[in-house]
Structures are given as C-alpha cells and as structure tokens.
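In this note's numbering, the protein residues as written are 202 to 318.
Backbone N, C-alpha and C fix where the C-beta goes; we use that ideal spot for every residue, glycine too.
Below you'll find the structure, written out as structure tokens, and then a few comments.
Structure below.
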C-alpha cells in the first residue's frame, strides 16, 4: 500500500505543476497581448469619448483622426501615456485568468475523477 500512496502523491504533485505551468503560460500570453494592444486601446477610448465635452481638447486641430491623436498624446503626455491604467487592467486580467483556470481544473477533476489531465 505505501507505493500506491506514494504514486498518488506524485500524481497530485504533477497535477499541481501542470496547473501552475498553465497559469504562467496563460498569464504571460495575456499580459504580452495587453501590453502590445494598450496604445491602440488608449487611442480608441480617446476617440470614443471625443464627442463628449472634454475639459482639455484631445487634439490640437480638434479633429478625431487617430494619427493626429497619437501625435498629440505623444507630444503632450509622452510615451508612458499610452499605457496609462495598464497595471490595474493587468491585475484584473491576471486574477480573472487564475479564477478561470481554477474553475477549469475543478470541473476537470469532477468530470474525470481518475485524472486524464
């Protein structure tokens, strides 16, 4: 019997390692994709709210052109402005990813008690 419990503990440890490897891979991919698309998201959001009466004009010319908006943000606020709010968004994305993978792992354990995972 000791060998069976030892085998079960190795299987459980392997499952944990696979779970954390999946969390790391999933999280890394999401963070990289969010970092790459953050400047476009910032411009999209600025263009969406451009019809509202802003406290400060979004562009010098007053037009809603994405190119002009990109140049204005870069000139007046610097490159870091394209990633404004990125940290909080990544934290929320990361926590959501961990929650989704935890639910996935739990449902897989219910569906396949012997473990094919």
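7 Å Cβ shell around residue i - same chain, five flanking residues per side excluded
i	result
residue 299	224
residue 253	At residue 253, the pLDDT of 39 sits below 50, so the modelled position is not reliable and the matter cannot be decided from this model.
residue 297	none
residue 281	none
residue 313	none
residue 289	none
Beta-carbon separation (whole angstroms), residue i vs residue j, contact threshold 8 Å
i	j	result
residue 294	residue 235	6 Å
residue 232	residue 291	6 Å
residue 275	residue 227	Going by Cβ atoms, the distance from residue 275 to residue 227 rounds to 32 Å, so no, they are not a contact pair.
Residues near residue i in its chain [Cβ-Cβ closer than 6 Å; skip 5 each side]
i	result
residue 243	283
residue 267	244
residue 220	306
residue 214	none
Spatial neighbours of residue i in its chain, beta-carbon cut-off 8 Å, leaving aside the 5 residues before and after
i	result
residue 255	Bear in mind that a pLDDT of 46 at residue 255, under 50, signals an unreliable position, so the number given afterwards is only what the model happens to contain. Contacts found: none.
residue 222	none
The alpha helix (DSSP H) enclosing residue i, as first and last residue numbers
i	result
residue 310	287–312
residue 282	Taken as a continuous stretch (DSSP letters only), residue 282 belongs to no alpha helix (DSSP H), as it is neither H nor E.
Hey, is the stretch 281–294 in contact with the stretch 231–248, meaning 3+ C-beta pairs nearer than 8 Å?
yes
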